[in-house]
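Visitor: I have a structure I would like to understand better, so I am pasting it below and will then ask my questions one at a time.
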Amino acid sequence: MSLPRAVVPLVSGVTYRRGVHLLLGAVIVLPYLALARAFWQVVAEDPANRPALLMTAVVATVIAGAPAFLGGTRALEIAAARSLLGVDLPDPAPGRRPAVETRMRSALWFGLHLVAGAVIATLLFTAVPVAMLVLGHWFGLVSGDLPGVTGPPTGYDVALWLAVAAGLLVVTGYAVAALGALATLMAPVLLGPSALEREHALEARARRLAERNRLARELHDSIGHALTLATLQAGAAGQLFDTDPEFARRALSVIEETSRTAMDDLDHVLGVLRDRDPADRAHSGRDPADGDHRDDVPRRPQPTLAHLDRLCDDSLASGVPVDATVTGPLTAVPAVVSREGYRIVQEALTNVARHAGQVPATLRVTVGADALTIEVVNPVVDRAPAPRRAGRGLDGMRERVDLLRGRLETGHQDGVWRVAAGLPLRDPGEDR
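Note that the working numbering gives residue 287 to position 243 of the sequence shown, counting from 1, and the numbers run on in steps of one.
And the structure:
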């Protein structure tokens with residue numbers, strides 16, 4: 045049996061949880077009320093020193109109002125609203141001073157919280173004592189007069205005051221429900237992030253997503269290349285284990301070396317994932333200045349075009365001989381372009397081994413005046429269709445090229461598969 049809608053706010057746990065939030069404001073307002081009362085009594089008892097006391101009161105008021113504008117107060121109010129009001133509010137950005145507009149909104153919320161808490165506390169500390177007094181008379185535990193009743197109270201007087209006490213409690217309950225609902229609506233407006241804070245949060249999110257995409261590409265290119273090489277070598281070793289044990293031993297050696305390289309790459313990526321930025325550390329409860337500076341740990345250098353020989357050796361070990369030609373000085377290629385170029389070549393050669401099998405490939409790397417050109421060509425052979433799976437190699441290459449504002453061409457051409465990438469040598473960050 046469902047309760048009447050008018051009764052639901054009085055028995056809802058949400059109302060009582062919001063009431064706790066309002067009473068926090070009452071607790072905070074008590075020192076302010078005590079200070080105001082003390083000044084009032086001193087001024088009333090000593091009129092001669094009234095000007096000096098008023099000046100002191102002004103200074104004390106300014107000092108007492110300062111907490112409303114502090115960033116720590118806003119953070120505490122956000123935490124209280126999130127846990128007691130059930131409002132989804134983001135934490136303030138760590139290491140960033142709130143804007144004046146944000147401080148003003150927080151101060152307004154702080155003041156309203158204190159006023160609402162004072163109202164609820166007044167109602168509560170009026171209704172509860174009256175109810176206790178009337179119930180004491182009802183059960184004969186308390187003797188004496190009731191307010192407004194001369195002489196011993198009759199049963200009618202007790203019943204009347206009991207109704208008054210019940211009405212006060214009901215009014216208090218509805219006041220808590222109403223002010224709690226209003227606070228829930230106002231919290232996102234007064235405690236929520238400003239437009240500038242939302243912009244910074246979106247920028248930080250975009251940076252994190254870009255970093256995750258970069259790490260995903262690193263994993264795909266490095267680990268995918270190693271797994272493809274190990275798979276091909278394992279298959280060849282299994283077929284020739286009895287007829288050509290020497291080849292099988294070489295294949296197992298290649299698998300061992302490739303696995304070590306893959307472990308190093310995986311360790312590097314996992315290390316980067318563990319080293320979260322200061323914002324993430326703040327959300328996890330760790331102080332960015334707590335001494336945990338794993339960002340300072342040296343990282344293994346990422347391969348560049350200077351390591352093409354190693355890449356060609358790996359491809360040869362997988363059965364894909366590479367005819368590589370490098371034109372121009374690789375030292376003239378910016379580091380970021382060289383790293384991305386290496387990954388593009390790695391993915392292209394991995395795709396040759398994965399999709400074309402043991403066929404020769406041609407690699408041309410040309411360092412021009414303004415651009416780096418990479419071309420990988422391999423013959424197209426008819427093979428049994430492999431099980432289809434979601435490959436991300438071409439997408440990863442295209443993302444790398446797009447980030448460097450280059451161009452990428454892939455496809456069949458005159459019986460061969462051709463991958464051609466053009467990357468500008470000018471640092472892409474110069475335009476930012």
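For each residue, glycine too, the CB sits at the ideal point set by N, CA and C.
Are the CB atoms of residue 380 and residue 416 nearer to each other than 9 Å?
Guide: Contact flag unset, no.
Visitor: Since residue 450 contacts residue 466 with CB under 8 Å, what's their CB separation in whole angstroms?
Guide: Right, their Cβ atoms sit about 5 Å apart.
Visitor: Under the three-state reduction of DSSP, which class applies to residue 438: helix, strand or coil?
Guide: The answer is helix: DSSP assigns residue 438 an H, G or I state.
Visitor: Between residue 424 and residue 461, is the Cβ-Cβ spacing less than 9 Å?
Guide: Going by C-beta atoms, residue 424 is nearer than 9 Å to residue 461.
Visitor: Taking the alpha carbon of residue 245 as the reference point, which residue from 136, 132, 121, 107 has its own alpha carbon closest?
Guide: Residue 245 has its Cα closest to that of 136, out of 136, 132, 121, 107.
Visitor: Would the segment 166-185 count as touching the segment 201-212 if we require 3 or more Cβ pairs under 8 Å?
Guide: As far as the Cβ criterion goes, the segment 166-185 touches the segment 201-212, which means the pair count is three or higher.
Visitor: For residue 466, which of helix, strand or coil comes out of DSSP?
Guide: DSSP places residue 466 in strand when its eight states are reduced to three.
Visitor: Measure from the alpha carbon of residue 470 to the alpha carbon of each residue in 357, 414, 224, then state which is nearest.
Guide: Checking every option, the nearest Cα to that of residue 470 belongs to 414.
Visitor: So the beta strand (DSSP E) residue 407 belongs to, where does it begin and stop?
Guide: Where residue 407 is concerned, the enclosing beta strand (DSSP E) stretches over 405-411.
Visitor: To which residues of the same chain is residue 64 closer than 8 Å at the C-beta, ignoring the five residues directly before and after it?
Guide: Around residue 64: 128.
Visitor: Alpha carbon to alpha carbon, what distance is there between residue 442 and residue 407?
Guide: Cα to Cα, the separation comes out at about 18 Å.
Visitor: Could you say which of 314, 233, 222 lies nearest to residue 258 if we only look at CA atoms?
Guide: Of the listed residues, the one whose Cα sits closest to residue 258 is 314.
Visitor: Cutting at 8 Å between CB atoms, please list the residues of its own chain near residue 133, excluding the five before and the five after it.
Guide: 122, 125, 126, 231, 232, 235, 236, listed in sequence order.
Visitor: My guess is that residue 405 and residue 359 are in contact by the Cβ rule of under 8 Å, so how many angstroms apart are they, rounded?
Guide: Rounded, the Cβ-Cβ distance is 7 Å, consistent with contact.
Visitor: Going along the chain, which unbroken runs of the beta strand (DSSP E) with 3 or more residues stay wholly within the segment 178-262?
Guide: Entirely contained in the segment 178-262, not one beta strand (DSSP E) run reaches 3 residues.
Visitor: Taking the straight line between their C-alpha atoms, what separation do you get for residue 250 and residue 139?
Guide: Going by the C-alpha atoms only, they are around 19 Å apart.
Visitor: Rounded to whole angstroms, what's the CA-CA distance from residue 352 to residue 369? Just pull it up for me.
Guide: So the alpha carbons of these two residues sit roughly 10 Å apart.
Visitor: Please go through the same chain and pick out, in chain order, the residues whose beta-carbon is closer than 6 Å to the beta-carbon of residue 109, but skip the five residues on each side of it.
Guide: Excluding sequence neighbours, residue 109 sits near nothing in its chain.
Visitor: Take residue 79 as the anchor and find which of 66, 59, 213, 103 has the nearest alpha-carbon.
Guide: For residue 79, the nearest C-alpha among the options comes from 103.
Visitor: With DSSP run on the structure shown, which of helix, strand or coil describes residue 363?
Guide: In the structure shown, residue 363 sits in coil (DSSP, three-state: anything other than H, G, I, E or B).
Visitor: On a CA-only basis, which of 84, 149, 366 is nearest residue 101? Give me that one, please.
Guide: That would be 84, whose Cα lies nearest to the Cα of residue 101.
Visitor: May I ask you to report which of helix, strand or coil DSSP gives residue 482?
Guide: Residue 482 lies beyond the stretch modelled for the chain, which goes from 45 to 476, so this question has no answer here.
Visitor: Could you check what DSSP says for residue 417 in three-state terms: helix, strand or coil?
Guide: Strand, per DSSP.
Visitor: How would you call residue 273, buried or exposed, if buried means at least 16 neighbouring beta carbons within 10 angstroms?
Guide: By the neighbour-count rule (16 or more Cβ atoms within 10 Å), residue 273 is buried.
Visitor: Tell me which residues share the same chain as residue 168 and place their Cβ nearer than 7 Å to its Cβ, disregarding the 5 neighbours each side in the sequence.
Guide: So the qualifying residues of the chain are 216.
Visitor: Tell me whether the segment 382-399 and the segment 293-301 touch, counting them as touching only if at least three CB pairs, one residue from each stretch, are closer than 8 Å.
Guide: As far as the Cβ criterion goes, the segment 382-399 does not touch the segment 293-301, which means the pair count is below three.
Visitor: Within the present structure, is the beta-carbon of residue 158 separated from the nearest heavy atom of the ligand COA by less than 8 Å?
Guide: Absence of the ligand COA from the depicted structure is noted, as is the absence of any ligand whatsoever, leaving it without description.
Visitor: Straight-line CA distance for residue 348 to residue 303?
Guide: So the two alpha carbons sit approximately 20 Å from each other.
Visitor: Am I right that residue 454 and residue 463 are in contact with their C-beta atoms under 8 Å? What's the rounded C-beta distance?
Guide: Correct: roughly 5 Å between the Cβ atoms.
Visitor: Quick check on residue 448: does DSSP put it in helix, strand or coil?
Guide: In this structure, residue 448 counts as coil in the three-state DSSP scheme.
Visitor: By the DSSP assignment, the alpha helix (DSSP H) with residue 382 in it spans what residues?
Guide: 379-395 is the span of the alpha helix (DSSP H), which, as asked, contains residue 382.
Visitor: Can you give the beta carbon distance from residue 143 to residue 240, rounded, assuming they're within the 8 Å contact cut?
Guide: That pair is a contact at about 6 Å.
Visitor: Note down the Cα distance separating residue 51 from residue 223, rounded to an integer number of angstroms.
Guide: Their backbone Cα atoms lie some 17 Å apart in a straight line.
Visitor: Leaving out five residues on either side along the sequence, give the residues of the same chain with a beta carbon under 7 Å from the beta carbon of residue 331.
Guide: Annotation note: pLDDT 41 at residue 331 (below 50); position unreliable, no value reported.
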